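The block underneath contains the structure these notes are about, expressed in structure tokens.
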Amino acid sequence: MGYSRLINRNVTALRGRTSMRLEPELWEALGEICQRENVTLADLIKDIERHGHPGGRTSAVRVHVMKYFREAASEEGHVTAGHGAIDALADDPPSAWRMAQTTANASTL
1 MGYSRLINRN
11 VTALRGRTSM
21 RLEPELWEAL
31 GEICQRENVT
41 LADLIKDIER
51 HGHPGGRTSA
61 VRVHVMKYFR
71 EAASEEGHVT
81 AGHGAIDALA
91 DDPPSAWRMA
101 QTTANASTL
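Using my numbering, you'd call the opening residue of the sequence shown number 1 and step up by one each time.
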């Protein structure tokens, strides 16, 4: 049997204590979210469950983490965080990401 990177932790969910298995990076991200939002892990998990997700609790947590940081990486999120506008970042030479975006935008015209 192969080695699993997943870490099993007990959490308090809507229906009481249970366990969840997540990658170490996701546990770290959850800790960052809790710190930024000034909530406990239990309160965050309960809130995620209240919003529901068809894939179950662990899937809902993964999706929530992705959405949370994706929103922070948006244009508005960058401005709010003081990172500046994404378009204002000068690439010399242009990054592969910017070239792909330009190509994608041109193909939708």
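Idealized CB from N, CA, C, for every residue including glycine. These numbers were taken from a predicted model, which means no experiment stands behind them.
Of the listed residues the options, nearest to residue i (C-alpha basis)
{"i": "Glu25", "options": "Val65, Glu75, Gln35, Arg17", "result": "Val65"}
{"i": "Ile45", "options": "Gly16, Thr80, Glu75", "result": "Gly16"}
{"i": "Ala72", "options": "Asp43, Gly56, Pro54, Ile33", "result": "Ile33"}
{"i": "Ser19", "options": "Gly77, Glu76, Arg57, Tyr68", "result": "Arg57"}
Residue i to residue j span [Cα, whole Å]
{"i": "Gly52", "j": "Ser59", "result": "10 Å"}
{"i": "Gln35", "j": "Ala29", "result": "10 Å"}
{"i": "Leu41", "j": "Arg70", "result": "20 Å"}
Residue environment, residue i, which counts as buried when at least 16 other CB atoms sit within 10 Å
{"i": "Ile7", "result": "exposed"}
{"i": "Val79", "result": "exposed"}
{"i": "Leu22", "result": "buried"}
First and last residue of the uninterrupted beta strand (DSSP E) at residue i
{"i": "Val11", "result": "7–13"}
{"i": "Gly31", "result": "Where Gly31 is concerned, there is no enclosing beta strand (DSSP E), although the alpha helix (DSSP H) it sits in stretches over 24–37."}
Within 7 Å, strictly: CB atoms of residue i and residue j
{"i": "Val61", "j": "Ile48", "result": "yes"}
Chain C contact for residue i (CB, 7 Å cutoff)
{"i": "Glu25", "result": "No chain C appears in this structure, which consists of one protein chain only."}
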